[in-house]
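Inspection log for the structure reproduced underneath, given as structure tokens.
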Amino acid sequence: MPRSAKNKRPPSAVSSARVSRRRFMALLGGGVLALSGQARAITTRSAPPKPKPKTRSAAIEKGIAEQKSGLAKQLQTLRKFPLPTGSDPSFLFRPISPRRMR
Amino acid sequence: MSLGEDVLFQTAAELGPRIRKREISPVALTEAFLERIARDDRKLNAFAYVMADEARAAARAAEKEINAGRYRGPLHGIPYGAKDLLATQGTPTTWGAKPLKDQRFDHDATVIRKLKQAGAILLGKMAMVELAGCLGYRWCDSSLQGPGRNPWDTDRWTGGSSSGSGAAVAAGLVVFAIGTETWGSILCPSAFCGVTGLRPTYGRVSRAGGMVGTWTFDKIGPLARSAADCRLVLTAIAGADPDDPSSSQEPVALNPRRRSPRGLRAALVAQDFAKTAGAEPEVGARFSEAVATLRSLGLTLEETQLPDLPASEVASVLITAEALSAFERLFEDGRVKQLRDPYARWQPEINRAMTGADVMKAWRIRRALQDQMADFYSRFDVIVAPNFLSVAPAIDRDLYETLPYADPVGAVGNACGLPSIALPCGFGRDHMPAGYQIMGAPWDEGLLCDLGEVYQRATAHHQQRPMLEA
Numbered sequence: 017m018p019r020s021a022k023n024k025r026p027p028s029a030v031s032s033a034r035v036s037r038r039r040f041m042a043l044l045g046g047g048v049l050a051l052s053g054q055a056r057a058i059t060t061r062s063a064p065p066k067p068k069p070k071t072r073s074a075a076i077e078k079g080i081a082e083q084k085s086g087l088a089k090q091l092q093t094l095r096k097f098p099l100p101t102g103s104d105p106s107f108l109f110r111p112i113s114p115r116r117m118r
Numbered sequence: 281m282s283l284g285e286d287v288l289f290q291t292a293a294e295l296g297p298r299i300r301k302r303e304i305s306p307v308a309l310t311e312a313f314l315e316r317i318a319r320d321d322r323k324l325n326a327f328a329y330v331m332a333d334e335a336r337a338a339a340r341a342a343e344k345e346i347n348a349g350r351y352r353g354p355l356h357g358i359p360y361g362a363k364d365l366l367a368t369q370g371t372p373t374t375w376g377a378k379p380l381k382d383q384r385f386d387h388d389a390t391v392i393r394k395l396k397q398a399g400a401i402l403l404g405k406m407a408m409v410e411l412a413g414c415l416g417y418r419w420c421d422s423s424l425q426g427p428g429r430n431p432w433d434t435d436r437w438t439g440g441s442s443s444g445s446g447a448a449v450a451a452g453l454v455v456f457a458i459g460t461e462t463w464g465s466i467l468c469p470s471a472f473c474g475v476t477g478l479r480p481t482y483g484r485v486s487r488a489g490g491m492v493g494t495w496t497f498d499k500i501g502p503l504a505r506s507a508a509d510c511r512l513v514l515t516a517i518a519g520a521d522p523d524d525p526s527s528s529q530e531p532v533a534l535n536p537r538r539r540s541p542r543g544l545r546a547a548l549v550a551q552d553f554a555k556t557a558g559a560e561p562e563v564g565a566r567f568s569e570a571v572a573t574l575r576s577l578g579l580t581l582e583e584t585q586l587p588d589l590p591a592s593e594v595a596s597v598l599i600t601a602e603a604l605s606a607f608e609r610l611f612e613d614g615r616v617k618q619l620r621d622p623y624a625r626w627q628p629e630i631n632r633a634m635t636g637a638d639v640m641k642a643w644r645i646r647r648a649l650q651d652q653m654a655d656f657y658s659r660f661d662v663i664v665a666p667n668f669l670s671v672a673p674a675i676d677r678d679l680y681e682t683l684p685y686a687d688p689v690g691a692v693g694n695a696c697g698l699p700s701i702a703l704p705c706g707f708g709r710d711h712m713p714a715g716y717q718i719m720g721a722p723w724d725e726g727l728l729c730d731l732g733e734v735y736q737r738a739t740a741h742h743q744q745r746p747m748l749e750a
């Protein structure tokens with residue numbers, strides 16, 4: 017499964033334990049510049065984003081609202097249900113040994 | 281040799297000895313079923329794909345073996361169907377879903393392989409609700425094959441999600457069929473089509489080569505003409521499988537043990553048909569009659585309640601969470617939009633309020649429920665309960681309106697992975713089939729088959745068959 021862009025690790029992935037103070041300041045400065053550039057881009061956008069075209073009928077909207085409401089009730093029931101602190105779930109986690117050890 | 285229609289409604293337990301004695305030829309039997317499928321399936325939408333050539337070849341091979349004295353067992357030469365979420369090498373396996381209409385696998389599911397080893401003859405893949413309904417569905421036509429049409433009234437639904445499996449057994453298009461259940465998908469079509477269905481204990485049957493709708497709820501089991509046939513089929517497909525880590529090492533002990541229910545304690549979990557929206561009094565009356573029959577046969581029934589835990593909420597939240605993960609690729613690449621159910625594509629949005637903590641809470645309540653049910657089954661051998669509270673609804677109706685009632689027994693059964701047998705018990709409104717269920721402790725399928733057989737020796741509801749209009 018391809019990862020979404022949001023989940024990609026930043027290119028500067030911090031392998032910088034031994035980065036010099038000067039290099040650190042340079043990176044930090046670059047980041048600040050980049051951020052301010054981004055901010056400028058946002059503030060100078062000429063027109064507000066167009067609203068997404070409505071793709072759902074009233075019936076579908078109603079059905080979605082019903083399902084959301086049903087879920088909310090289910091979640092409320094689960095959240096209110098008292099259990100002893102630290103009670104076990106149904107599943108049991110098991111580490112898997114490497115094949116060479118079997 | 282031309283076989284009469286009656287032969288097509290015989291059980292595997294009846295056909296097997298006749299095939300063994302060479303009174304009935306597997307080739308002639310297969311041909312007769314293929315003719316019936318060609319004639320009647322267009323009225324039912326029961327088959328997703330008919331494997332005529334493969335079935336004929338398998339029938340010839342079976343006949344050759346049997347004639348040579350190499351009889352494999354009670355399913356040798358018996359024609360059957362398999363829900364279209366089980367992989368079959370080289371033929372389409374659509375999972376009932378348009379975006380997967382061209383999907384093929386290069387291997388057989390373990391269940392298909394085991395039935396092949398038993399000598400059973402696969403006639404084809406049975407139609408089903410898209411993705412076995414794991415993303416929810418509201419309309420009967422939520423399937424690549426269109427709505428499953430009930431042989432008792434083709435304007436009514438078969439039930440789902442093993443729609444074609446139920447219809448084909450009821451209509452005499454196969455001797456038995458393989459279905460699956462996440463929550464209700466074997467029991468519902470069994471009730472609506474008037475056939476006997478067995479949901480095995482979670483882990484009893486390998487799911488290798490089957491669609492994953494959910495990892496911790498899916499079970500594979502038979503829909504057939506009798507409890508005896510369910511036992512024969514389950515015996516052939518049960519057992520541990522290295523290709524499915526969730527399959528159990530628990531010994532498979534399915535041989536008949538009891539010819540009487542005397543000495544057994546059953547919990548009677550009734551429902552108030554008069555006060556439950558959508559419940560039909562006629563189905564309630566049939567259930568009462570079934571209970572009276574079981575009592576007359578010597579079963580001790582004690583009315584009681586199930587443990588008061590939110591089983592429906594647990595099952596619903598966990599099934600949703602697992603299914604959203606199982607089908608994430610359909611959401612990512614947009615193919616979910618090709619599904620028939622208009623709400624499928626919106627499920628991530630609908631369920632956005634569900635948190636990781638909610639899912640873990642459901643898992644913990646599930647464990648508490650398992651503990652309480654283990655205690656429950658130390659006091660009772662089985663639970664006797666209604667199956668669906670109404671007969672099959674009209675095919676064009678909103679299922680949220682026609683089936684508005686809760687399913688507390690099904691919720692507990694599926695959340696705890698418990699086996700249940702669905703048994704026909706007569707007819708409700710408009711002469712449509714009604715059914716009930718007997719639910720057991722884990723690994724007690726043998727006992728459920730025993731009780732089903734005792735009940736079916738005393739009644740003839742499972743022998744009724746529909747008259748399909750020309």
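Top line first, the protein sequences correspond to chains A and B. If you want the numbering used here, it's the position in the first sequence, counting the first as 1, plus 16. If you want the numbering used here, it's the position in the second sequence, counting the first as 1, plus 280. By construction, the Cβ of each residue, glycine as well, lies at the ideal position given by its N, Cα and C atoms. Since the model is a prediction, treat every value here as computed from it, not as a measurement.
- Residue range 74-96 is occupied by the alpha helix (DSSP H) that includes Q83 (chain A).
- Neighbours of A74 (chain A) in chain B, taken as residues at a C-beta separation under 8 Å, are lacking, since the least C-beta distance is about 12 Å.
- Annotation: W626 (chain B) is outside any beta strand (DSSP E) and is labelled neither H nor E by DSSP.
- L108 (chain A) has its alpha-carbon roughly 37 Å from the corresponding atom of L424 (chain B).
- Listed along chain B are L589, P590, K641, I645, each with a C-beta nearer than 8 Å to that of F97 (chain A).
- Within the same chain, Cβ atoms closer than 8 Å to the Cβ of I630 (chain B) are found at Y623, the five residues on either side in sequence being excluded.
- Closer than 9 Å to the CB of M719 (chain B) there is not a single CB belonging to chain A.
- Residue contact with chain B for P105 (chain A): present (Cβ-Cβ distance below 9 Å to some residue of chain B).
- At a cut-off of 9 Å, the C-beta of Y685 (chain B) has no neighbouring C-beta in chain A.
- Only exposed fits D655 (chain B), as fewer than 16 other CB atoms lie within 10 angstroms of its CB.
- With 16 or more neighbouring CB atoms inside 10 Å of its own CB, D621 (chain B) falls in the buried class.
- One Cα belongs to S540 (chain B), the other to D382 (chain B), and the distance between them is close to 50 Å.
- Look at K499 (chain B) here: in three-state DSSP terms it is strand.
- P628 (chain B) is outside the set of residues whose beta carbon lies under 9 Å from a beta carbon in chain A.
- The beta carbons of D364 (chain B) and M331 (chain B) sit no closer together than 9 Å.
- Taking a C-beta distance under 9 Å as the contact criterion, I663 (chain B) and A507 (chain B) do not qualify as a contact pair.
- Out of B:G284, B:G416, B:L295, the CA that lies nearest to the CA of P628 (chain B) is found in B:G416.
- Residues L548, L581, V664 of the same chain have their beta carbon placed closer than 7 Å to that of V571 (chain B), with the five preceding and five following residues left out of the count.
- Between V455 (chain B) and E562 (chain B), the alpha-carbon positions lie close to 29 Å from each other.
- Counting C-beta atoms within 10 angstroms of its own C-beta, T101 (chain A) has fewer than 16 neighbours from the protein chains shown and is therefore classed as exposed.
- With 16 or more other Cβ atoms inside 10 Å of its own Cβ, E410 (chain B) counts as buried.
- In the three-state reduction of the DSSP assignment, L366 (chain B) falls in the strand class.
- With respect to G439 (chain B), C414 (chain B) sits apart: the two C-beta atoms are not nearer than 9 Å.
- With the rule of 3 Cβ pairs closer than 8 Å, the stretch 692-707 of chain B counts as touching the stretch 717-730 of chain B.
- Distance from the Cα of Y360 (chain B) is smallest, within the candidate group B:V307, B:R350, B:F313, for B:F313.
- Here the alpha carbons of S658 (chain B) and G564 (chain B) stand approximately 28 Å from one another.
- In this chain, the beta strand (DSSP E) harbouring C705 (chain B) covers 700-707.
- Just measuring C-alpha positions, the residue of B:T434, B:E334, B:A412 sitting nearest K499 (chain B) is B:A412.
- By the neighbour-count criterion, in which a residue is buried when 16 or more other Cβ atoms sit within 10 angstroms of its Cβ, P522 (chain B) is exposed.
- At a C-beta separation below 9 Å, Q650 (chain B) has these neighbours in chain A: S106.
- Spanning the alpha carbons of L403 (chain B) and R511 (chain B) requires a straight line of approximately 21 Å.
- No Cβ of chain A is located within less than 9 Å of the beta carbon of V662 (chain B).
- Between A471 (chain B) and S592 (chain B), the C-beta gap is not smaller than 9 Å, which leaves the two residues out of contact.
- Three or more beta-carbon pairs separated by less than 8 Å are not found between the stretch 364-374 of chain B and the stretch 336-344 of chain B, which leaves the two stretches without contact.
- N430 (chain B) is a Cβ neighbour of A447 (chain B), given a cutoff of 9 Å.
- In the three-state reduction of the DSSP assignment, A637 (chain B) falls in the helix class, which pools H, G and I.
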